[in-house]
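> Here it is, the structure, as structure tokens.
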Amino acid sequence: MANGMLSLGDLKREIAAGTIDTVVAAMVDMQGRLIGKRFHAQFFADSGHEETHGCNYLLGVDIEMEPVPGYKATSWEKGYGDFVLKPDMATLRRVPWLPGTDVLDHHTHEDVPHSPRAMLKKQLKRLEAMKLKAYVASELEFFLFDDSYEIANEKGYRNLKTSGHYIEDYHILQTTKDESVMRAIRNGLNGAGIPVENSKGEWGPGQEEINVRYAEALEMADRHAIIKNGCKEIAYGLGRAVTFMAKWDYGMAGSSCHVHQSLWSADGASPLFFDKAGEHGMSETMKRYLAGQLAHAGEITYFLAPYINSYKRFMAGTFAPTRAIWSFDNRTAGYRICGADTKSVRLECRVGGADLNPYLAFAALLAAGLDGIDKKMKLEPAFSGDAYDPAKKLREVPKTLRDARALLHGSRFLRDVMGADVIDHYVHTADWEQFEFDRRITDLELKRGFSRWRSFSPRRHGGHGDGTENSRNFVGVLLTTGFSPWPSPCPPCLRGEAI
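Here you go:
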């Protein structure tokens, strides 16, 4: 046992010592959440570690756990049967913030093609065939609240109190006030086998960032899922709440997930993005990888921004990118080169929000980058300046979920590398998200329309408006406030016709 990670033998010894009594066995769903069961540790050690089962609707539900109609892979017609879940024992780790608890990830006997973990593993097999290894680090931002989750719900998620009242980017004093939570998060994650580098204040009141050490892509995705779940559980245990929404409030900064990427030799010894003789230390491999991500930037955006709310974050002047271009150490660009002229030179994708699913995001980024390498794509010149400048004609990040969905649906490239059925599955997920939003009444509609919107009904019974005395009186009021009398017949606007 080292650094919070456990083997099956370690688990059995901990059970015998009475220090572990619960094992959380979880898979990751389409939304990036941990979904699963809590096992009594002794049963898990005896036989539960071999396999368990879960309803296959878990990869066909929305954020409310409602079964979504219309999926080909799982439906009422197919009976919502089980799939077999096989524990990945390499992911068994302590959960220091939950007494007596360990957690591990599951996968199916045969990979379900649209499972987020399976989608990432498919791209990693491509890497392996090319004798490459991908290292990734994801920076996560979130807001910390003085309110608990229960209080936030009772308030209808309005008038919430963030842990600070001013922008705390890099502030030590303000983040000292947050230390009761942030120290618990850093130490808890580190104790769970996730090496934490640091935390810092971000560009919003109560906004935090947690940074952990880079790892191979699958390990980093697993860590990312544990980090988000762990931050929520630790905050809950302290009577606080956190949110990873991309944009929780119109007047606040958005929360991002910047994804740092680099490719190495299969043995992990040689950094393949570095070339001492290359411009700023960038190798041809790196340039082609970046060119691939730029070429497919629009098509992969859905996997970096999966919700309607995700696109509220893309606002000029907020450090969130609006242009899918690349630059050297320039935070206005969607893709930034970090560590130039060193062996740690790497690509940072700044498009993703904190609400992304890491498995889907990493899979999409790798797929695009590898396509650039396969096709020896030529990298466009680096951008220099303010990418927010509207006068500059630059490649745009899709502005809405509808835009991103259309690009995803039409992507022959993604259908080739991920599978047509997989893409159709996620297009349907996007359609459902849009449908659910479109039929809801928003705060803006209520604020603007509750007492101020006016409408005329089509003419009925030969009169103006709805044919009642009230409508004739209403017309009379209009006539006495300076309007010219209406001609006969009734004007088109009152007949329900286009003008």
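For the sequence shown, the working numbering assigns the number 4 to the initial residue and increments by one for each residue that follows. Just so it is clear, CB atoms sit at the ideal spot from N, CA and C, and this is done for glycine as well.
(1) Check the C-beta distance from residue 268 over to residue 136 and give it rounded, since I have them as a contact under 8 angstroms.
(2) Is the distance from the Cβ of residue 215 to the Cβ of residue 230 below 8 angstroms?
(3) Taking 6 angstroms as the limit between beta carbons, can you name the residues of its chain near residue 303, skipping five residues before and five after?
(4) Contact defined as beta carbons within less than 8 angstroms: I believe residue 209 pairs with residue 147. What is the distance between those atoms, to the nearest angstrom?
(5) Taking three-plus beta-carbon pairs below 8 angstroms as touching, is the stretch 421-437 in contact with the stretch 303-323?
(6) Relative to the C-alpha of residue 445, which candidate in 311, 327, 356 and 347 has its C-alpha closest?
(7) Give the DSSP-derived three-state secondary structure of residue 477 in the structure shown.
(8) Along the chain, where does the alpha helix (DSSP H) containing residue 251 start, and where does it finish?
(9) Can you give, in chain order, each stretch of the beta strand (DSSP E) that sits fully within the stretch 164-250 and has at least 3 residues?
(10) Among 81, 329, 336 and 330, whose alpha-carbon lies nearest the alpha-carbon of residue 319?
(11) For residue 469, which of helix, strand or coil comes out of DSSP?
(12) I'd like the list of long-range same chain contacts for residue 234, defined as Cβ closer than 6 angstroms, with 5 residues on each side in sequence excluded.
(13) Hey, quick one: how far does the beta strand (DSSP E) through residue 263 stretch, first residue to last?
(14) Work out the CA separation of residue 263 and residue 274 for me, nearest whole Å.
(15) Which residues share a DSSP beta bridge with residue 399?
(16) Does the Cβ of residue 253 have 16 or more other Cβ atoms within 10 Å, making it buried, or fewer, making it exposed?
(17) With the cut-off set at 8 angstroms, would you say residue 138 and residue 228 are in Cβ contact?
(18) Does the Cβ-Cβ distance between residue 357 and residue 202 come in under 8 angstroms?
(19) Could you check if residue 171 is buried or exposed, using at least 16 other CB atoms within 10 Å of its CB as the buried criterion?
(20) Between residue 154 and residue 240, what straight-line distance do the alpha-carbon atoms span, to the nearest angstrom?
(21) Quickly, what does DSSP pair residue 338 with across the bridge? List them, please.
(22) Hey, could you find the ends of the alpha helix (DSSP H) residue 128 is sitting in?
(23) Measuring alpha carbon to alpha carbon, tell me which of 119, 131, 283 and 97 ends up nearest residue 194.
(24) Residues in the same chain with beta-carbon distance under 7 angstroms from residue 85, minus the five sequence neighbours each way, listed in chain order, please.
(25) Answer with buried or exposed for residue 173, where buried requires no fewer than 16 other C-beta atoms within 10 angstroms of its C-beta.
(26) In whole angstroms, what is the alpha-carbon distance linking residue 464 and residue 64?
(27) For residue 117 versus residue 92, is the C-beta spacing smaller than 8 angstroms?
(28) What are the start and end residues of the beta strand (DSSP E) that includes residue 431?
(29) Say whether the stretch 4-19 touches the stretch 62-82, bearing in mind that this needs 3 or more beta-carbon pairs closer than 8 angstroms, one atom from each stretch.
(30) Anyone know if the C-beta pair for residue 398 and residue 261 falls short of 8 angstroms?
(31) Please work out which residues of its chain come closer than 6 angstroms, Cβ to Cβ, to residue 196, disregarding the five sequence neighbours upstream and downstream, and give them in chain order.
(32) Beta strand (DSSP E) containing residue 143: first to last residue?
(33) By DSSP, does residue 283 sit in helix, in strand, or in coil?
(34) At the level of alpha carbons, what is the spacing between residue 376 and residue 288?
(35) Taking the alpha carbon of residue 339 as the point to measure from, which residue in 345, 347 and 351 has its own alpha carbon closest?
Let me lay it out:
(1) Approximately 7 angstroms separates the beta-carbon atoms of residue 268 and residue 136; this is inside 8 angstroms, confirming the contact.
(2) Cβ atoms of residue 215 and residue 230: closer than 8 angstroms.
(3) Here the set comprises 367 and 371.
(4) About 5 angstroms; that satisfies the 8 angstroms criterion.
(5) With a cut-off of 8 angstroms, the stretch 303-323 and the stretch 421-437 count as touching, because enough Cβ pairs lie within range.
(6) Answer by Cα proximity: 311.
(7) The predicted position of residue 477 is uncertain, since its pLDDT is 49 and thus under 50; no value can be drawn from it.
(8) Counting along the chain, residue 251 falls outside any alpha helix (DSSP H), and DSSP gives it neither H nor E.
(9) Taking only runs of at least 3 residues, the beta strand (DSSP E) segments lying wholly in the stretch 164-250 are 199-204, 210-215 and 244-246.
(10) Ranking 81, 329, 336 and 330 by CA distance to the CA of residue 319 puts 336 first.
(11) For residue 469, the pLDDT reaches just 47, beneath the cut-off of 50, and the residue's location in the model is therefore unreliable, although a value from the coordinates is still provided. Three-state DSSP puts residue 469 in coil, outside helix and strand.
(12) Excluding residues within five positions, the ones whose Cβ falls inside 6 angstroms are 188 and 245.
(13) Here the beta strand (DSSP E) through residue 263 covers 260-268.
(14) Each residue's alpha carbon lies about 14 angstroms from the other.
(15) Beta-bridge partners of residue 399 (DSSP): 326.
(16) With fewer than 16 other Cβ atoms within 10 Å, it is exposed.
(17) Taking the C-beta atoms as reference points, residue 228 is found no nearer than 8 angstroms to residue 138.
(18) Their beta carbons are not under 8 angstroms apart, which means residue 357 does not touch residue 202 by this criterion.
(19) Buried is the call here.
(20) Residue 154 and residue 240 have their alpha carbons spaced roughly 14 angstroms apart.
(21) Note: residue 338 sits in a beta bridge opposite 329 and 352.
(22) Here the alpha helix (DSSP H) through residue 128 covers 119-132.
(23) Selected option, being the one with the closest Cα: 97.
(24) Same-chain partners within the cutoff: 56, 57, 58 and 59.
(25) Under this definition residue 173 is an exposed residue.
(26) Reliability of the predicted coordinates at residue 464 is poor, the pLDDT of 47 falling under 50, and no value is obtained from them.
(27) Using a Cβ distance threshold of 8 angstroms, residue 117 and residue 92 do not count as a contacting pair.
(28) For residue 431, there is no enclosing beta strand (DSSP E); the enclosing alpha helix (DSSP H) covers residues 423-441.
(29) Fewer than three pairs of CB atoms, one per stretch, sit closer than 8 angstroms, so the stretch 4-19 makes no contact with the stretch 62-82.
(30) No, they are not a contact pair.
(31) Closer than 6 angstroms at Cβ, skipping near neighbours: 6, 7, 8 and 96.
(32) From DSSP, the beta strand (DSSP E) with residue 143 extends over 135-148.
(33) Note: residue 283 maps to helix in three-state DSSP.
(34) Each residue's alpha carbon lies about 6 angstroms from the other.
(35) Considering only 345, 347 and 351, the residue with the shortest C-alpha distance to residue 339 is 351.
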